[in-house]
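So the sequence shown is numbered by full-length UniProt numbering: it starts at 1 and just counts up by one. Where a beta carbon is used, it is the ideal one built from N, C-alpha and C, also for glycine. Working notes, structure below.
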Amino acid sequence: MKQETQTRLRNLRQLMQSDGCEALMIFSPANLRYLAGYSGEAAYALITQDQLHLITDYRFITQAEEECAGWHCYCRDREAETLGQVVQKLLLPSGVRQATFEAAEVSVQSWMLIAQDSAGIHWTAAPLWTEQLRRRKDASELALIRRCAAIADQALAETLPLLRPGISEAEFALELDFRMRRLGAEALSFETITGFGERSALPHSIPSERRLREGDLIVLDFGASVGGYRSDMTRTYIAGEPDARQQAMYNAVTQAQQAALAVIRDGISAREADLIARAVLAEHGFADQAGSSLGHGVGLRLHEQPIMTPKCEEILRGGFIVTIEPGVYLPGFGGVRLEDDVLITDHGYELLTHSPQPFRLT
């Protein structure tokens, strides 16, 4: 078992022990990747203070045994058992009677069947222990996210010359996606977002056949995934010369992002950073057209905690990786968003995404 995995499990068990938890059942694929190194599907984990069980089926048992050193990998097909019966079989002999489960990661119907078939165990919903640990990235996680960001940066540099009047949103997205995969991305962080002209006001615009025209605002939001980790970057351009309104939008968002970055550091609250950026947008007259949050954590999932809204009191800490992405959206006209991945440090931040931010395409 890798050293970082041992550390993660030790930290999780300390949280479990402090809360009097005898066992934790994990459903989240991201948490399975984080704690066990498992990258497959159809798996569940049981963690106690002295046991590690990973339950899967015949399709993934060999993969689980290869990836999850130090874990007991159980194939439930061999005895034609239900998941609840397997859980009961693995926990009761070790004396576990009180256990917790990831309630947010399983449907009510599925959980009712598991609880029904695991008689003798009293279940309660688990706190978000693993998600709490995942906020602060270790060296191996940071290396993967750096790789994701570098792939996205390079892919954009290679694809940007194609961004000329006549190309469609879907065509450009396909070209960008291809380059990310060719450069080493194992997957996309999410479906690439492209919005031209009035469609740039759609924060999550699905690429369409809309073709780029002179004078259009262009919003591109994309990322690469490696080892389960992700990057997330947005750039906004103008096809040709901006009019006064477009330039005002871009200036406001640029200044809002810079104002947020100027205060980002260990110890600042997510709320404070959001409000600083929001105040800049308000000064430019865009208070009512701003996005709902400044950014979010990013890692094994695209949107992780903290979600940086005006109501989020969470304190940012060194080792967090968050996006800083102020935006302004004017329905029927267009939108502007700039987004970078940022590593929080003790005294400030480090940019992980490095693509230049020229407004005018050359």
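Check, Outcome
"Cut-off 8 Å between Cβ atoms - residues of its own chain near I206, not counting five sequence neighbours on either side", "E191, I193"
"Test item: CB-CB of Q116 and G84 under 8 Å", "yes"
"Exposure of Y349, with buried meaning 16 or more beta-carbon neighbours within 10 Å", "buried"
"CB-CB length for R235 against Q357, believed under 8 Å", "6 Å"
"Start-to-end residues for the alpha helix (DSSP H) that takes in R10", "3-18"
"Where D274 sits in the DSSP three-state scheme", "helix"
"Cutoff 8 Å; reference R13; Cβ partners in own chain excluding five residues on either side", "I47, Q49"
"3 or more residues per run - each beta strand (DSSP E) lying fully within the segment 272-324", "295-297, 304-308, 321-324"
"For L92 and G120, believed in contact at Cβ under 8 Å, the rounded distance", "6 Å"
"Given 8 Å, three or more beta-carbon pairs between the segment 182-189 and the segment 216-236", "yes"
"Pair within 8 Å by beta-carbon distance, D19 and P161", "no"
"Cutoff 8 Å; reference C148; Cβ partners in own chain excluding five residues on either side", "A185, S189, G223, A224, S225, V226, Y229, R230, S231"
"Burial state of R76, where buried means 16 or more other Cβ atoms lie within 10 Å", "buried"
"Whole-angstrom distance between E171 and S200, CA atom to CA atom", "16 Å"
"Proximity below 8 Å, CB of A248 to CB of V280", "no"
"Through-space distance from E22 to A173, alpha-carbon basis", "48 Å"
"Residues near L351 by beta carbon distance below 7 Å, same chain, minus five either side", "D340, V342"
"Beta carbon of T100 nearer than 8 Å to that of M233", "no"
"Residues bridged to G70 (per DSSP)", "Note: G70 sits in no beta bridge, so no partner."
"Environment of T124 [buried if 16+ CB atoms lie within 10 Å]", "exposed"
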